[in-house]
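Student: In the numbering used here, the protein residues as written are 4 to 147. No residue lacks a Cβ here, since even glycine has one placed at the ideal position from N, Cα and C. Owing to the predicted nature of the structure, the values given are computational and were not obtained by experimental measurement.
1. Answer with buried or exposed for residue 103, where buried requires no fewer than 16 other C-beta atoms within 10 angstroms of its C-beta.
2. CB residue 64 to CB residue 105, shorter than 8 Å?
3. Are there three or more Cβ pairs, one per stretch, closer than 8 Å when the stretch 124–135 is compared with the stretch 70–79?
4. Among 51, 61, 41, 129, which has the Cα closest to the Cα of residue 68?
5. For a quick check, are the C-beta atoms of residue 141 and residue 92 less than 8 Å apart?
6. Does DSSP classify residue 18 as helix, strand or coil?
7. Let me check understanding here. Comparing Cα to Cα, which of 146, 10, 120 lies closest to residue 132?
8. Counting along the chain, where does the beta strand (DSSP E) carrying residue 146 start and finish?
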């Protein structure tokens, strides 16, 4: 009786291990993408509130700007805060100034007028859609 493995047996074992590792890698990437998107949703919920607080503490009028791939809070041309939009996520916000944040810590529309109703927009992640409603003071709530 012989001891050890033949070359063919060794290649079969290596092939099976490669398939298992490939499956694990694809599942890991999907999990990481899902975690990144979930973190974005949480960060987006606090983004307007943090901006309104920043406007109040600086005593300055700040703009919330959507560039297509990120949201920014700007003081004139100076970018104070950014929130990158992950791949696979889309927002129903127009490009450019989305809202203005005033020194008392309030949210105005893009033209600088007082909000007559909360600012709302949708965020899509594949087949899931979330509606964000931003109040006059920058508090964002997620509605189904």
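Tutor: In terms of the structure at hand:
1. buried
2. yes
3. no
4. 51
5. no
6. helix
7. 146
8. 143–146
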